[in-house]
Structure formats: C-alpha cells, structure tokens
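If you read the sequence shown in this note's numbering, its first letter stands for residue 11, the second for the next number, and so on.
Positions of the beta carbon are idealized from the N, C-alpha and C atoms, including for glycine.
Below is one structure, written out as structure tokens; comments come after it.
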Amino acid sequence: MNLPEVKSLSVWRSVLLLGLVLAVLVLLAAGVWWFAEPHRLVDRATLQPFAIRAFALWGLLFSVSVAVWSLTQMGISKRVRQHSPNSGKDKVGSLATGQTLSGEVREQLRNGLGLFWRWHVRVLLVVGEADEIEAVAPGLAAAKWREGQGTLLLWGGSLNGDWESEWPESLRQLSWRRPLDGIVWALTPEQADNVELLGGGVRRLQSMARQLRWKAPLYFWQVQCSRWSQDGRSRQSVGCLLPTAVTAPGIESALRQLVIPLRERGLEQMKQTRTNDFLLRLSRDLESNAIGKWRDALAPLLPSFARGVPLRGLLFAAPQKPATESTLKHSWWPSPEWDAIRDDRQMRASTWGWTWLRGLRAGALCLIGLFALALLLSFTSNRSQIATVESALATLNA
11 MNLPEVKSLS VWRSVLLLGL VLAVLVLLAA GVWWFAEPHR LVDRATLQPF AIRAFALWGL
71 LFSVSVAVWS LTQMGISKRV RQHSPNSGKD KVGSLATGQT LSGEVREQLR NGLGLFWRWH
131 VRVLLVVGEA DEIEAVAPGL AAAKWREGQG TLLLWGGSLN GDWESEWPES LRQLSWRRPL
191 DGIVWALTPE QADNVELLGG GVRRLQSMAR QLRWKAPLYF WQVQCSRWSQ DGRSRQSVGC
251 LLPTAVTAPG IESALRQLVI PLRERGLEQM KQTRTNDFLL RLSRDLESNA IGKWRDALAP
311 LLPSFARGVP LRGLLFAAPQ KPATESTLKH SWWPSPEWDA IRDDRQMRAS TWGWTWLRGL
371 RAGALCLIGL FALALLLSFT SNRSQIATVE SALATLNA
C-alpha cells in the first residue's frame with residue numbers, strides 16, 4: 011500500500027508570512043526600546059544606527075527561523091511516514107534492509123575509491139519488468155546493486171504496484187547530498203505503446219522525486235529482440251539525447267535523424283554477417299511507425315516530465331548476454347550500449363522543491379544582503395557627516 015500524500019503548503023507564502031511577522035515583532039520591540047527613554051533626539055545621527063541594528067536583528071531572526079522551519083517540516087514529514095497506518099512490519103523490514111544495503115555499498119565504495127567516492131561514481135536506478143532489467147543489466151536483480159568503471163547500478167524493480175526494491179526508500183542514506191544521477195527505464199516496444207503504463211510509471215517516479223526532493227534525468231531504454239543471434243556484432247550506444255525543453259516535434263525530429271545512419275551501419279554489419287540485422291531492422295521500424303508511436307505516447311506526458319522527472323534520452327539495444335559466474339558478485343563491466351548514459355554530463359540531477367539546505371542558503375544570502383545594505387547605509391551616512399563637519403570647520407576658520 012502506498013503512503014498517503016500530504017498536500018504541500020505554499021513555501022514562498024509561508025516564508026513571506028514569516029518575514030512579515032518577524033518584521034512586525036522587531037518594529038514593536040524597537041518601539042518599546044525607543045519610547046523607554048523619553049528624551050531621545052530624533053535626528054539622522056540617532057536614527058541611522060538604530061535602523062541598522064533593527065535590520066541586522068531582523069535578518070538574523072529570519073535566517074534562523076527559516077532554517078528551523080525547514081528542519082521542522084522535514085521532521086514532521088518523516089514522522090508522518092513512519093507512523094502512518096501503512097507502515098507496519100513489512101515497512102520496517104524494508105527500511106532495515108535498505109539501511110543494510112546502503113551501508114554495504116558505502117563501505118565497499120569507500121574502501122575502493124576513498125572517502126569522497128561520490129564525486130567519482132555515477133549512480134543510476136534501473137527500473138522496469140524483470141525480463142527487461144535482465145536484458146539491459148544482467149544479474150542486477152539478484153545482486154541488488156553492481157558497480158564498475160565509475161557507475162553504480164541500483165535495482166529498482168517494476169513500476170507497477172508497490173516498490174519491489176528497497177532502494178527508492180534508501181537513496182538518501184546512500185548519499186544525502188546527491189542521492190541519484192539518473193533513472194533508466196527498460197521496456198519493450200509493446201510497453202512503450204501503452205500510454206497508461208507509461209503514465210503510471212512516471213507518476214511513481216514523480217512520487218519518489220517528491221519524497222527525495224531530488225529530480226534526476228530519465229532515460230527510456232527499449233529492448234529490441236531478434237530472431238537471430240547478434241553475437242559478433244559491433245556494439246555501440248544507439249539512440250538520442252533530448253534537450254531540457256523537450257517537445258513532441260523535438261522527439262520526432264531527434265528520432266528521425268537516426269534513420270539514415272542506422273540504415274548505413276546496419277547494411278555494413280549485414281555484409282559481414284547476414285544475421286546481424288539489429289541496426290537495419292531498427293531503422294526500418296523507426297521509419298515505418300515507431301517514431302510516431304513514441305511521439306504520441308510521450309506527448310501527453312511532457313507536462314509530467316517538466317515536474318520532477320525530466321526526460322533525457324531514448325535508447326535502443328538488443329538483449330545482453332546473461333551474467334556469468336563471477337568471484338565478485340557486485341562487480342560490473344559496462345557494455346558499450348551504456349556509454350551514452352555513462353558519459354552524459356549535460357543534464358545533471360538537482361534539488362527539487364524546498365529543502366532545509368536550500369532554506370539555510372536563502373537565509374544566509376538574506377543575512378549577507380542585509381549586512382551589505384547596512385554597510386552601504388553606514389558608508390553613506392559617515393560620508394555625509396564628514397562633509398557636514400568639514401563645512402562647519404571651514405565656516406569657523408573663516
């Protein structure tokens with residue numbers, strides 16, 4: 011069972027209201043302090059430092075309040091998830107397993123790559139049905155995670171129903187600052203034609219992004235089966251990477267640009283071995299109806315891609331060979347089909363929504379801005395006072 015979604019508050023309205031309340035409180039406190047001594051002089055020399063102190067106090071209170079408010083919101087959300095009716099023994103067991111997995115991965119990568127392993131490793135969550143995941147990353151479902159050549163693959167399981175994998179709940183435990191770099195969704199041509207299936211999966215990924223407060227680029231990986239063995243064929247990444255502002259015509263144009271190069275390379279491969287028809291057959295399918303099917307299937311989901319799950323690429327590949335017995339269960343040697351995803355650095359994962367760290371940064375920037383404004387006002391006032399004193403001295407000397 012899924013956890014009930016809590017309707018999020020308007021963050022900016024809350025922050026604005028908090029700033030206004032603090033401003034009123036500071037003004038009231040300033041008024042009490044000012045009128046406590048009835049014989050104060052109301053002039054610029056007296057009011058200016060008083061106003062600077064009031065601004066500085068407001069900035070300090072605002073920064074601390076935003077940080078505390080953000081931490082409180084995260085704590086409340088965490089408590090709600092932990093104490094919801096759906097969180098029973100199965101949920102606790104899943105979290106415990108996720109903590110064990112994340113601890114195991116961190117320890118092994120820290121031993122192999124050092125304390126700052128996260129700077130050198132690209133973390134990818136692979137989702138889809140069991141056969142499709144096995145076709146793109148053999149042995150991943152059994153191992154739960156595999157790592158090699160600067161890439162960490164995490165098994166995400168099916169997007170239908172509840173999560174089969176513990177990783178979506180444990181990504182923050184793996185790396186609290188950068189939990190994920192990308193999502194790979196393995197699917198068949200029949201699944202790619204199912205708009206309802208795609209929509210449900212995207213909503214599931216959006217829910218995960220909302221919970222993590224983190225958005226990672228999404229890559230669709232279509233598994234193309236063949237009647238003949240494709241052994242001996244020169245393998246490479248096949249597909250297209252899409253821009254940030256993706257549109258339906260943009261998807262169609264990017265796929266159409268693949269048709270001629272795939273046809274030429276496919277003919278070359280078939281001249282060497284007649285059974286290696288993967289590229290030529292893919293070119294034929296794209297030109298006939300696959301481009302239109304992808305465009306029509308993804309067009310209704312474009313608004314969803316813009317909120318939490320940015321669509322980055324469409325890739326095509328034949329099923330890979332089953333995983334062989336290895337002395338290292340979690341070691342992985344990426345095939346050339348993975349190069350486009352592994353080498354993609356143009357669209358990076360980023361924070362989504364309001365987090366305590368973003369609130370702390372905003373508060374610090376507000377405080378720095380207030381201090382800069384106070385320094386500017388002080389400089390202007392001092393310069394004016396110096397000019398006034400110099401004028402008075404010149405008058406006296408005359």
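{"query": "Is it right to say residue 299 is buried, meaning 16 or more other beta carbons lie within 10 angstroms of its own, or is it exposed?", "result": "exposed"}
{"query": "In whole angstroms, give me the CA-to-CA distance for residue 194 and residue 282.", "result": "32 Å"}
{"query": "Please go through the same chain and pick out, in chain order, the residues whose beta-carbon is closer than 6 Å to the beta-carbon of residue 16, but skip the five residues on each side of it.", "result": "Confidence in residue 16 is poor, its pLDDT being 38 and thus under 50, which makes the residue's placement unreliable; the coordinate value appears in the next sentence. Answer for residue 16: no residue qualifies."}
{"query": "So the beta strand (DSSP E) residue 230 belongs to, where does it begin and stop?", "result": "228-233"}
{"query": "Could you pull out every unbroken beta strand (DSSP E) segment of at least 3 residues lying fully inside the segment 175-213, listed in chain order?", "result": "192-197"}
{"query": "If you drop the 5 nearest sequence neighbours on each side, which residues of the same chain put their C-beta closer than 7 Å to that of residue 362?", "result": "219, 223, 224, 225, 318"}
{"query": "Whole angstroms is fine: what's the gap from residue 320's alpha carbon to residue 143's?", "result": "21 Å"}
{"query": "Buried or exposed: where does residue 122 fall if 16 or more other Cβ atoms within 10 Å of its Cβ makes it buried?", "result": "exposed"}
{"query": "Looking at residue 180: is its Cβ nearer than 8 Å to the Cβ of residue 228?", "result": "no"}
{"query": "Does the beta-carbon of residue 276 have 16 or more other beta-carbons within 10 angstroms, so that it is buried, or is it exposed?", "result": "buried"}
{"query": "How is the beta strand (DSSP E) around residue 326 delimited, first residue to last?", "result": "321-327"}
{"query": "Out of curiosity, what's the CA-to-CA distance linking residue 252 and residue 350?", "result": "12 Å"}
{"query": "Please report how far the alpha carbon of residue 166 lies from the alpha carbon of residue 340, in whole angstroms.", "result": "16 Å"}
{"query": "Pick helix, strand or coil for residue 168, following the three-state DSSP scheme.", "result": "coil"}
{"query": "Taking DSSP as the reference, what is the three-state secondary structure of residue 139?", "result": "coil"}
{"query": "Could you have a look at residue 360 and say whether DSSP puts it in helix, strand or coil?", "result": "strand"}
{"query": "What do you reckon, are the CB atoms on residue 373 and residue 34 nearer than 8 Å?", "result": "no"}
{"query": "Measure the alpha-carbon distance for residue 375 versus residue 36 and round it to whole angstroms.", "result": "20 Å"}
{"query": "Check this for me: beta carbons of residue 202 and residue 304, under 8 Å apart or not?", "result": "yes"}
{"query": "So what's residue 302 in DSSP terms, helix, strand or just coil?", "result": "helix"}
{"query": "Count the other CB atoms within 10 Å of the CB of residue 78; is the residue buried (16 or more) or exposed (fewer)?", "result": "exposed"}
{"query": "Assuming residue 309 contacts residue 258 under a Cβ cut-off of 8 Å, what Cβ separation, rounded to an integer in Å, is found between them?", "result": "4 Å"}
{"query": "Okay, do the segment 394-404 and the segment 64-73 touch, 3+ Cβ pairs below 8 Å being the bar?", "result": "no"}
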